[in-house]
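**Student:** Below is one structure. I have some questions about it.
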Amino acid sequence: MMKIKRRKDISIKRRLIIISLLTTGAGLLFAALLLITEQIVIFQQALVKDLTVQAKIIGSNCTAALSFQDQKDAEETLLTLRAAPHIMKAVVYTKDGNIFAKYHRDTAKGNSQTPLPQKDGYSFGFNHLSLFHSIIVNDKYIGKLYLESDLKELYVRLIWFVSCALIVIVIAFSGAFLLLSKLQQSITTPLFDLVNVMKTISKDKDYTMRADIHSEDEMGFLARGFNEMLEHIQNRDMELQQHRKQLETLVLNRTIELENTNKQLQQELIERKRAEEQMIHMAFHDNLTDLPNRYLLKDRINQAVASAKQHNRLVAVLFLDLDNFKRVNDTLGHSAGDQLLRKIADLLTKHFRKSDTIARPSIDGLETTVSRLGGDEFTILITEFKDIQDTSKLAKRIIDLFQDPFKIGHQEVFITTSIGISLYPHDGDDADILLKNADTAMYHAKEKGRNQFQYYSESMNIAALKRFSLEQDLRKAQERCELLLHYQPQIDMRSGIVVGSEALVRWMHPDRGLIAPMEFITLAEEIGLIVPIGEWILHSACKQIKVCQEDGFPSMCVTVNISGIQLKQKNFVETVLKALNDNHLDPQYLVLELTESILVESLEKAIRILNELKSLGVRISIDDFGTGYSSLTYLKRLPIDILKIDRSFVKDILIDPGNEAIIKAIVTLAQSLNLRVIAEGVETAQQLAYLRELGCEEMQGYLFSHPVPIDFLMKILKEGKSLNTFAKGLLREHFSYEQLQGCEG
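One point on numbering: in this note's numbering, the residue at position 502 of the sequence shown is 502, and numbering is uninterrupted.
Quick look at the structure:
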């Protein structure tokens, strides 16, 4: 300062003016620069915000096009940008980064190359603003949008703002030059105050401070501009703090959500693994007994066969089927049947040594595996034995286990088992063949009397094929009209009149001739044909007896045998009623005949159904009476009309005093209950006379007539000839002696 004084003859006033002018000019220039910078920043932000909004709108409009790969629709969407002159370029990318659609303004200059997709955000170039925006639908990224805008408007506004600032500065300098000499204090004081405020704010970062406005001139304008800048900075700082708090809260909440989600995923994985293990176990084990099922057994058999091939060993498959298990289900209920099956599984588990343990399949197939195939069928796979006799001993051991009763609730149930045995390599070399052959052997054990075991042989296969052939023919017999009915008359010995007849089904096989019911009725029950065959018998018998009545025998009735399976049908009563109505037969002329065993199997249900039939007027007959062990206990509860004495009692009546006593007891019981009695199987005059002495007056059998077709029966009735001589003579003209024997039953 001292040097300036010495070198320049400048008055303090001018020096102050110069200093003031320089200070004022510097202040104005600084303020102008701040305002210009602020305006640039504000406009850039406004431009970015506008471009972002347009990007969201365009991106939203392009979602459908991207989802359905409709490029034309996307290009039409981009063409709407013609209304925005500042947007020079737009590109839509697929999620793979490929260009899906693009737009380029014809007047655009500069680089026309399409950029590669980048992360979301914006960037300023010298003459353009670029922006990338992700297109997301339902939180799923499907593509990206690129927009490019020119900065022409920014530069125009900047030039305008700079020009205004320069004008303001010139005016300020001019006024200052004229007034500073007098107004130095009024100029410098506000400036110094403003500088002090700036220093304080810069030091303390306290953007709440404001500069005092001393005048309305350029200094006041500068102060206002400065305060406005501080206002913007303060607001921005508050927004940043608020966003930071929101971000911290969001991150904290998201962290908690992620932790909870992670726990849920871990729990789901544990439960899924447990469920998968349970499903695998259920897929290869029986639900009722937890024994290996058919799938696991077949795998173990194939493993055992493979191992036996390598070591030259034997493999045995024992097929167990419970005898008369169905009777347990029908009598005690399915719950008791299930309980019995579980006890049998426990029994087998308990009585085998450790190397024979149930349901412990091993990798090498050397351990015995017991499985349940379903229903009342069990199998035992044996791999560790040296002699076939070992399998016989094991089979006998199993049969002996079933000699003691099983405790089911408060009842003791006796049940036996039939066993079929097949051996590798004699009877097959894979699971399916060995199981099939063991099953065949088991059926032969049942046919030979049950409660025993049988080894498989080739002859059994021949019998099985014969049975299969018979089964296939039986399935078509009704369709081919091969079934027919024969009728055996029932005689009232007091009047010698035919009071009724029993309808007996026959099968006229195209190759084998006439087949007796004992050969195919049981088969029909096993393969599920007994219901349609039984309905055909019922309908045909009603129809033919109605014809017989209309031909001069109005009181003729017919007896139809009913299977236990038929009786269990829900619509059985409706079926009987339909057969009567369709043929206009009075219900009193229809007698339904059931065996004792059918009634015992499900007594309460049988009583309910028979009462319904009785209410229709249908009569009920009990066949083979006296063969059951509980006849007298339920006889009074059943709505029956007729008792039939079984042919086994009639056959030996002359030589077995026990049979005589049984027949006499049945007749006496029936008379006391006001029931009719019919003796079946009467073949000799001596039997007839003896039965009459015992009080039985209604009979049927070969002595009177073989079962004959309906037209034969009507001819017998019309001509009134002796049944035994006429019918037999007439039959011999059409059938052989062997066929006549097969017709009985």
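Every residue gets a Cβ at the ideal spot worked out from N, C-alpha and C, and that includes glycine.
(1) Take the Cβ of L590 as the centre, count every other Cβ of all protein chains shown within 10 Å, and call the residue buried at 16 or more, exposed below.
(2) My parser needs the beta strand (DSSP E) runs of 3 or more residues fully inside the region 586-646; what are they?
(3) Alpha carbon to alpha carbon, how far is L332 from R676? Give it in angstroms, no decimals.
(4) Does the region 315-323 come close enough to the region 430-443 that 3 or more CB-CB pairs lie under 8 angstroms?
(5) Would Y456 pass as a contact of I421 if the rule is Cβ separation under 8 angstroms?
(6) Does the region 84-91 touch the region 157-165, meaning 3 or more C-beta pairs lie closer than 8 angstroms?
(7) By the 10 Å Cβ neighbour count, where 16 or more other Cβ atoms means buried, how is V505 classified, buried or exposed?
(8) Can you tell me which of the three DSSP states P510 falls into?
(9) Give me the residue from K144, E519, F126 with the minimum Cα distance to E471.
(10) Could you tell me whether the Cβ atoms of N451 and I408 are closer together than 8 angstroms?
(11) Secondary structure at H128, three-state DSSP: helix, strand or coil?
(12) Going by DSSP in three states, V328 sits in which element: helix, strand or coil?
(13) Where do the ends of the alpha helix (DSSP H) carrying E276 lie?
(14) For the region 637-653 against the region 604-619, are there 3 or more C-beta pairs whose distance is under 8 angstroms?
(15) Please state the DSSP three-state secondary structure of Q45.
(16) With DSSP as the reference, label G337 as helix, strand or coil.
(17) Going by alpha carbons, who is nearest to L215 out of I233, T208, D193?
(18) With distances taken Cα to Cα, identify the nearest neighbour of V413 among D427, P489, K326.
(19) Looking only at DSSP bridge pairs, what is R676 linked to?
(20) Below 8 angstroms, how does it come out for the region 43-60 and the region 20-28: are there three or more Cβ pairs, yes or no?
(21) With D624 and T668 assumed to form a contact (beta carbons below 8 angstroms), what rounded beta-carbon distance in angstroms separates them?
(22) DSSP three-state call for Y93: helix, strand or coil?
(23) Taking C-beta to C-beta, are E698 and I491 nearer than 8 angstroms?
(24) Return yes when the Cβ of K95 is within less than 8 angstroms of the Cβ of Y141, no when it is not.
(25) One question on the structure: do I545 and L577 come within less than 8 angstroms of each other, judged by their Cβ atoms?
(26) May I have the straight-line CA-CA distance separating I18 from F173, to the nearest angstrom?
(27) Output needed for K119: all residues of its chain with C-beta closer than 8 angstroms, excluding positions within five of it in sequence on either side, in chain order.
(28) The beta strand (DSSP E) spanning D212 covers which residue range?
(29) Specify, as a first and last residue, the run of the alpha helix (DSSP H) that F572 falls within.
(30) Excluding sequence positions up to five away, which residues of its chain have a Cβ less than 6 angstroms from the Cβ of C696?
(31) Taking the alpha-carbon positions, what's the Q310 to H509 distance?
(32) Could you give the residue range of the alpha helix (DSSP H) that holds L297?
(33) State the DSSP-derived secondary structure class of G420, mapped to helix, strand or coil.
(34) Taking the alpha-carbon of V156 as reference, which of G513, I36, E660 has the nearest alpha-carbon?
**Tutor:** Let me lay it out:
(1) buried
(2) 590-595, 619-625, 642-645
(3) 31 angstroms
(4) yes
(5) yes
(6) no
(7) buried
(8) coil
(9) E519
(10) no
(11) strand
(12) helix
(13) 218-284
(14) yes
(15) helix
(16) helix
(17) Rather than Leu, the amino acid found at residue 215 in this sequence is Ser. When each option's Cα is compared against that of S215, the closest is D193.
(18) K326
(19) I642
(20) no
(21) No, D624 and T668 are not in contact; Cβ-Cβ is about 19 angstroms, not under 8 angstroms.
(22) strand
(23) yes
(24) yes
(25) no
(26) 10 angstroms
(27) F132
(28) Note, D212: premise wrong, no beta strand (DSSP E); not H, not E.
(29) 572-582
(30) V667, V677, A679
(31) 50 angstroms
(32) 294-311
(33) strand
(34) I36
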